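So the sequence shown is residues 160 to 212, counted in this note's numbering. What follows is a short report on a single structure.
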Amino acid sequence: HPHGGGEGKTKGKHPESPWGWKTKGYKTRRGKKYSDKFILVSRKGKPLKGGVK
């Protein structure tokens, strides 16, 4: 339910998914790891952009 349901004549809450986590504009991705810049080659052997200069 997009607004979390409730009992009787309750007001809506923040939009959430059917599983209870926030949705509709809530940022779900966290920032990149600080250690990403140290990874120079992927596990498949491909060089990655960026990295430590």
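Think of the CB as a built atom: it goes at the ideal place given N, C-alpha and C, for glycine as much as any other residue. Fair warning: this is a prediction, and the values are worked out from it, not measured in the lab.
Taken atom to atom, the span from the alpha-carbon of Leu199 to that of Arg188 is near 23 Å. Sequence-distant Cβ neighbours of His173 in its own chain, meaning closer than 7 Å and more than five residues away, are Lys181.
In the three-state DSSP reduction, Lys181 falls in the strand class (E or B). Rounded to the nearest whole angstrom, the C-alpha separation of Pro206 and Ser176 is 38 Å.
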